[in-house]
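Add 3 to a position in the sequence shown, counting from 1, and you land on the number used in this note's numbering. Heads up, the beta-carbon is just placed ideally off N, CA and C, and yes, glycines get one too.
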Amino acid sequence: MTINTNSNAQGWTIACQCNETVLKAHGAPIQIAICHCSDCRMAQGGNAATQNLALMRRDQVESSLDNLKVVAAEEYIDKVPRYFCDACGDCLVGDCTPVGFDMVIVPTSRMSDMAELGDPDYHMHLEQGTTEPPADGLPRFQGHPEDPYMAALVEGCA
Numbered sequence: 004m005t006i007n008t009n010s011n012a013q014g015w016t017i018a019c020q021c022n023e024t025v026l027k028a029h030g031a032p033i034q035i036a037i038c039h040c041s042d043c044r045m046a047q048g049g050n051a052a053t054q055n056l057a058l059m060r061r062d063q064v065e066s067s068l069d070n071l072k073v074v075a076a077e078e079y080i081d082k083v084p085r086y087f088c089d090a091c092g093d094c095l096v097g098d099c100t101p102v103g104f105d106m107v108i109v110p111t112s113r114m115s116d117m118a119e120l121g122d123p124d125y126h127m128h129l130e131q132g133t134t135e136p137p138a139d140g141l142p143r144f145q146g147h148p149e150d151p152y153m154a155a156l157v158e159g160c161a
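(1) May I have the straight-line CA-CA distance separating alanine 28 from glycine 14, to the nearest angstrom?
(2) Using only the alpha-carbon positions, how far apart do histidine 126 and alanine 138 sit?
(3) Could you say if the segment 129-146 and the segment 86-103 meet the contact criterion of at least three C-beta pairs nearer than 8 Å?
(4) Indicate whether isoleucine 33 and methionine 114 have their beta-carbon atoms separated by less than 8 Å.
(5) Helix, strand or coil for aspartate 62 per DSSP?
(6) Give a yes or no on whether the C-beta atoms belonging to arginine 60 and aspartate 105 are separated by under 8 Å.
(7) Report the CB separation of alanine 90 from cysteine 21 in whole angstroms; it is logged as a contact under 8 Å.
(8) Nearest-angstrom Cα distance between phenylalanine 87 and aspartate 150?
(9) Once you ignore the five residues that flank tyrosine 79 on each side, which residues in its own chain have a CB closer than 6 Å to its CB?
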């Protein structure tokens with residue numbers, strides 16, 4: 004398991020496809036997950052069977068989410084509100100604080116090249132997947148990641 008600990012004090016951005024909305028962020032993600040859940044597919048417009056997500060502390064996103072279009076937590080199975088560009092509708096971030104984690108989820112496709120990502124750590128929510136993932140040697144979880152990944156995630160959010 005690779006837990007990203009690089010401080011990466013240098014900033015980077017989270018940007019929508021039309022570049023109308025650009026959020027500032029810093030630091031390396033706690034983990035990178037390949038998510039197979041229906042919430043991610045819905046947030047991405049049903050376009051992708053999987054979504055690579057950076058799991059980060061909430062304070063790593065420096066920009067306010069107040070001016071973004073929000074889809075309420077109640078619209079998603081995981082109860083995590085998602086924030087979108089009002090112009091193009093791109094999903095930029097999910098805020099996990101309502102479910103007890105001081106964490107955000109960010110689609111890696113929206114992160115600038117300055118972000119230090121590393122390789123994915125695991126697959127999660129396979130029970131909701133639409134396709135079988137490739138044999139890539141990564142741990143696979145039917146739901147949320149289990150220990151030691153979950154323990155490291157909780158510790159990283161503290």
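So, from the listed chains and residues:
(1) 6 Å
(2) 11 Å
(3) no
(4) no
(5) helix
(6) yes
(7) 5 Å
(8) 31 Å
(9) Asp42
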